[in-house]
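Note that the protein sequences, when read in sequence, are chains A and B. The opening residue of the first sequence carries number 151 in my numbering; numbering runs sequentially from there. The opening residue of the second sequence carries number 151 in my numbering; numbering runs sequentially from there. Each remark here refers to the structure printed beneath this line.
2 protein chains.
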Amino acid sequence: MPSENHQQTERNAPGRRRDPDIDEAILTTTLDHLGRIGFTAMSIAGIARDAGVTKPAIYRRWSCKADLATAALSRLQAAEGSPSTGSLRGDLIALLDNFQGSLTRPQGLAMIGMLLSEESRMPELIAHFRERITTQRRAMFREAFERAQPDELPPGFDVDAAVNMLIGSLYAKYIADGSIPKRWAARVVDTLLPQSET
Amino acid sequence: MPSENHQQTERNAPGRRRDPDIDEAILTTTLDHLGRIGFTAMSIAGIARDAGVTKPAIYRRWSCKADLATAALSRLQAAEGSPSTGSLRGDLIALLDNFQGSLTRPQGLAMIGMLLSEESRMPELIAHFRERITTQRRAMFREAFERAQPDELPPGFDVDAAVNMLIGSLYAKYIADGSIPKRWAARVVDTLLPQSET
C-alpha cells in the first residue's frame with residue numbers, strides 16, 4: 151500500500167525532514183480536488199485517499215484544510231522569469247502566451263472560478279491567490295512596460311489599464327467562447343499598441 | 151404562510167396561468183443559491199424553503215434543477231438597450247459602466263466563478279450563460295464599434311480583440327484587487343483609443 155511505504159520513509163527520515171514525494175502527492179491531489187470539487191466540498195479524507203497517504207500524514211504537514219489549500223495554490227505561482235526579447239511587443243506576447251498556457255491547462259480557469267465563487271465563505275483563499283499569484287504575474291507585465299523605449303509607448307500611457315486589458319482579454323475570451331485562439335497574444339498586443347512594428 | 155397564499159392564488163388562477171410573484175420569488179432565490187452555494191450543492195428543497203413556496207410549486211414550473219438554474223440565469227441578461235451617445239468613446243464607456251454595475255452587484259462575479267468551476271460537471275449551464283448573456287452583451291459592444299466614424303478607429307482595427315480587452319479588463323481588475331475603481335471605463339477606453347477626444 152503506497153501510504154504505508156510513505157509512512158515508512160517518513161519514520162526512517164532523521165528529525166523532521168519531510169519526504170518531498172509525499173508533499174508532492176498531497177499538493178497535486180489537493181489542487182485537483184480544489185478545481186474539481188471546490189474548497190467547501192473537498193475533504194482531507196478524500197485527498198488522503200487519492201494521494202495514497204494517511205490523514206495523519208497530511209495533518210503532520212498542514213494544520214487544517216485552509217492551510218493545505220493555500221499551500222496547494224502556491225504551486226500555481228508563475229515559475230518563469232520575466233522574458234527579455236528586446237522589444238515591448240515581444241515581451242508582452244511572451245508573457246501572455248505563458249499566461250494562456252497556465253489558464254488553459256486542466257482546471258486552470260475552473261480554479262479561479264472556484265476562488266471567486268467561494269469568496270464570501272473563504273476570503274483567505276482568494277486573498278492568498280491575489281497576494282502570491284496574480285500580483286507576481288502582473289509585476290512582470292508592469293516591468294515589461296517599464297523597460298519600453300520612449301518610441302514604443304505614447305506619453306502618459308496608463309500601464310495599469312493596459313495590464314488589465316491584456317490579461318483580462320484571455321478571461322473574457324474564455325468566458326465567452328470556452329477557448330482561446332492560437333496567436334491571441336499577438337492580436338491583443340497589436341490592437342493595444344497599433345504603432346508597434348510587426 | 152406565504153407558500154399557502156401562493157398556492158391559493160395558483161389554484162384560483164384559470165387554466166395554466168402562473169402567478170408572476172411565485173416565479174419571481176423562486177427565480178430570485180435560485181440565483182442567490184447558485185451564487186452562494188453553487189449548482190451542485192444547492193437543492194430544490196432549500197430553494198422552496200427560502201422562497202416560501204412548496205417543492206411541487208417549483209416542479210410544476212421546471213422539471214429539474216438544471217432547468218431551474220437555466221431559467222434563473224436568464225434573468226442576468228442585459229436588459230438595457232444599446233446606448234447611443236454620438237461617439238464611440240461615449241458608447242463604450244456607457245456599455246462598460248453598465249457591465250461594471252452587473253459584475254459588482256452581490257454575487258455578480260461569484261456567479262461567473264461558479265459557472266467556470268462547475269463547467270466539467272454541468273457544461274449546459276455555462277453554455278446557456280454564453281449563449282444568452284455574454285453573446286448579447288458582446289454584440290452591443292461590436293455594434294458600437296460598427297457605428298464608429300472613420301476618424302475614430304485606425305484602419306484594420308481588430309474589434310474582437312478590442313471587445314475582449316475592454317470587457318476582460320473588468321474581470322482582471324476584480325480578480326487582482328477585489329474591486330474595480332470608479333472611472334475605470336474611461337481609463338481603459340482612453341488607453342485603447344488614445345487618439346479619441348476627451
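Positions of the beta carbon are idealized from the N, C-alpha and C atoms, including for glycine. On a predicted model such as this, the values are computed, not experimentally measured, just so you know.
Span of the alpha helix (DSSP H) around residue i
| i | result |
| --- | --- |
| A/Val-338 | 334–342 |
| A/Ala-298 | Run containing A/Ala-298: none; DSSP gives neither H nor E here. |
| B/Ser-329 | Premise fails: B/Ser-329 is in no alpha helix (DSSP H) and is neither H nor E. |
| A/Arg-199 | 194–201 |
| B/Gly-185 | 170–186 |
| A/Arg-206 | Residue 206 of chain A is actually Pro in this sequence, not Arg. It spans 205–209 - the alpha helix (DSSP H) in which A/Pro-206 sits, taken as one unbroken run. |
| A/Thr-220 | 215–224 |
Same chain, Cβ closer than 6 Å to residue i, neighbours up to 5 away in sequence not counted
| i | result |
| --- | --- |
| B/Glu-160 | Here B/Glu-160 scores only 43 on pLDDT, less than 50, and its place in the model should not be relied on; the value that follows carries that caveat. So the list reads Asp-169, once near-sequence residues are dropped. |
| B/Gln-257 | Gly-185 |
| A/Glu-347 | A caution first: A/Glu-347 carries a pLDDT of 45, below 50, which makes its placement in the model too unreliable to give a value. |
Proximity test, Cβ basis, 8 Å: residue i and chain B
| i | result |
| --- | --- |
| A/Asn-314 | yes |
| A/Glu-174 | no |
| A/Val-338 | yes |
| A/Arg-186 | yes |
| A/Lys-332 | no |
| A/Thr-341 | yes |
Partner residues on chain A for residue i, Cβ-Cβ distance less than 7 Å
| i | result |
| --- | --- |
| B/Leu-275 | Within 7 Å Cβ-Cβ: nothing; B/Leu-275 doesn't reach chain A, min ~12 Å. |
7 Å Cβ shell around residue i - same chain, five flanking residues per side excluded
| i | result |
| --- | --- |
| A/Ser-234 | Asp-241 |
| B/Ala-95 | In the structure as shown, chain B starts at 151 and stops at 348, and residue 95 of chain B therefore has no counterpart that could be examined. |
| B/Ser-224 | Arg-282 |
| A/Arg-337 | none |
| B/Tyr-321 | none |
| A/Asp-271 | The identity of residue 271 of chain A in the sequence shown is Arg, whereas the question assumes Asp. So the qualifying residues of the chain are Thr-190. |
| B/Met-192 | His-183, Leu-184 |
Same chain only: Cβ atoms within 8 Å of residue i, ignoring 5 sequence neighbours per side
| i | result |
| --- | --- |
| A/Ser-153 | With a pLDDT of only 43 at A/Ser-153, under 50, the local geometry of the prediction cannot be trusted, and the value read off the model is given with reservation. Correct list, in chain order: Ala-198, Gly-202, Val-203, Thr-204, Ala-207. |
| A/Met-315 | Val-338, Leu-342 |
Cutoff 8 Å: residue i Cβ touching any chain A Cβ
| i | result |
| --- | --- |
| B/Gly-196 | no |
| B/Met-264 | yes |
| B/Ser-267 | yes |
| B/Gly-318 | yes |
| B/Thr-284 | yes |
Residues that residue i contacts on chain A, provided the C-beta gap is smaller than 9 Å
| i | result |
| --- | --- |
| B/Arg-280 | Ile-325, Ala-326, Asp-327, Gly-328 |
| B/Thr-220 | Result: empty, since nearest Cβ-Cβ is about 17 Å, beyond 9 Å. |
| B/Ala-129 | Given a span of 151 to 348 for chain B in the structure shown, any question on residue 129 of chain B remains unanswerable. |
Partner residues on chain A for residue i, Cβ-Cβ distance less than 8 Å
| i | result |
| --- | --- |
| B/Ser-193 | Near B/Ser-193 there are no residues of chain A at all, since even the closest Cβ is about 14 Å away, more than 8 Å. |
Residue i: contacting residues in chain B (beta-carbon distance under 9 Å)
| i | result |
| --- | --- |
| A/Asp-241 | Ordered by position in chain B, no residue passes the 9 Å Cβ test against A/Asp-241, which lies about 18 Å from the chain. |
| A/Asp-217 | By Cβ distance, chain B contributes nothing, its closest Cβ being about 21 Å from A/Asp-217, past 9 Å. |
| A/Arg-288 | Ala-322, Ala-326 |
Listed by chain order, chain B residues near residue i by CB distance under 7 Å
| i | result |
| --- | --- |
| A/Ala-322 | Asn-314, Ile-317, Gly-318, Tyr-321 |
Next item on the list: Report the residue ranges of all alpha helix (DSSP H) runs contained in full by the region 242–327 of chain A; include only those spanning at least 4 residues, in chain order.
Entry: If we require 4 residues or more, the alpha helix (DSSP H) runs fully inside the region 242–327 of chain A come out as 258–267, 273–279, 285–296, 309–327.
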